[in-house]
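In terms of the numbering used here, the numbers along the sequence shown are unbroken and rise by one, the last being 75.
Beta carbons: idealized from backbone N, C-alpha and C, even for Gly.
Bear in mind that the values here come from a model prediction, so they are computed numbers and not experimental data.
Below is one structure, written out as structure tokens, with a few remarks after it.
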Amino acid sequence: MTKATRGTELTPFEKERNKAISKVRYIVEQYFGLSHLHNNAFRARFTRLIKNAIDALFRQMAFNLQRGTKVLKTA
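This is the structure we're talking about:
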């Protein structure tokens, strides 16, 4: 991604390129943020986006199951 500097603006090509990159980048950064927040993970375990998405899904399910058991024990 490129940034505009003082006195110069991005060209239309650079703006379109940034939009195309950001559509994929937010997915990757969201995975890193969630895994770091809940699991203290600093790196992705897999190199493919789909594998990381499945890993995140399983981590979320495990978190919900763990939380559900705690809620049921207190109820």
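Nearest to residue i by alpha carbon, out of the options?
| i | options | result |
| --- | --- | --- |
| Lys15 | Arg45, Met1 and Val24 | Met1 |
| Glu29 | Ala62, Asn64 and Asn52 | Asn52 |
On the criterion of 16 or more Cβ atoms from any shown chain inside 10 Å, does residue i qualify as buried, or is it exposed?
| i | result |
| --- | --- |
| Ser35 | buried |
| Ala56 | buried |
For residue i and residue j, which I take to be in contact (beta-carbon distance under 8 angstroms), what is that distance rounded to the nearest angstrom?
| i | j | result |
| --- | --- | --- |
| His38 | Arg6 | The Cβ separation is near 39 angstroms, so there is no contact. |
| Leu49 | Ile27 | 7 angstroms |
Exercise for the section: Check whether the segment 65-72 touches the segment 41-55, counting contact only when three or more Cβ pairs, one atom from each stretch, lie closer than 8 angstroms. Expected result: In short, these stretches do not touch, since the Cβ pair count stays below three.
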